[in-house]
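Worksheet for the structure shown next.
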Ligand code: SF4
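In the numbering used here, the protein residues as written are 14 to 217.
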């Protein structure tokens, strides 16, 4: 299955625009319940204005809220960004920490965000399970329908060689985002139809 996805999406990669680990962390935090496309539209101006944790703390909360207002849950996210920036300054010299256990303690940063940051910014193998990774893994029968997000992550980590975790995460996302979409997956033209339990049900 992964070989087929690799052939379909040889250039699968993180689609959130960023130039450094700090920008990536902010972009992933903003992307919760929001498309990468919308986040990228907002971060073009955001990253031009705010270049460091100090910059985010130098403005009142309502100004930051206004700057990210096109993103869902923007009030909560603005509050988390300022709290996160304060911790980066107080504990990490203004840098984003490298360790997963340090990242998940930051406001607004959950397991998925930490996995995206360590794998894309620091080259630490990880499989971040977002809505696409979860849906595709379950439709193909790699995981059980009832599995939690954490169970999906653990199953993928068991089945995929560690060196391929990060690229597999990107390929599963591309496959789900552009082919096996939530609504109307393209089963008729799917090269994985013969091994897909969901596809077989849909094509009866
Ligand atoms: S057959 Fe359909 S449900 Fe299965 S992986 Fe392909 S597109 Fe997705």
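Ideal Cβ placement from N, Cα and C applies to all residues, glycine included.
key: C-beta contact flag for residue 42 and residue 93 at 8 Å   = yes
message = If you follow the alpha helix (DSSP H) that residue 34 is in, where does it begin and where does it stop?
response = 34-43
key: Environment of residue 118 [buried if 16+ CB atoms lie within 10 Å]   = exposed
key: DSSP-derived helix/strand/coil call for residue 48   = coil
task = Report the rounded CA-to-CA distance for residue 215 versus residue 78, giving the unit in angstroms.
result = 43 Å
key: Within 5 Å of ligand 1: residues by beta-carbon to any heavy atom   = 152, 193, 198, 200, 203, 205, 206, 209, 211, 212
inquiry  = By the DSSP assignment, the alpha helix (DSSP H) with residue 115 in it spans what residues?
reply    = 113-116
ask   = Under 8 Å, do residue 54 and residue 80 count as touching if we go by C-beta distance?
value = no
Rounded distance between the beta-carbons of residue 205 and residue 14, thought under 8 Å = 6 Å
query = Within 10 angstroms of its Cβ, does residue 106 collect 16 or more other Cβ (buried), or is it exposed?
reply = exposed
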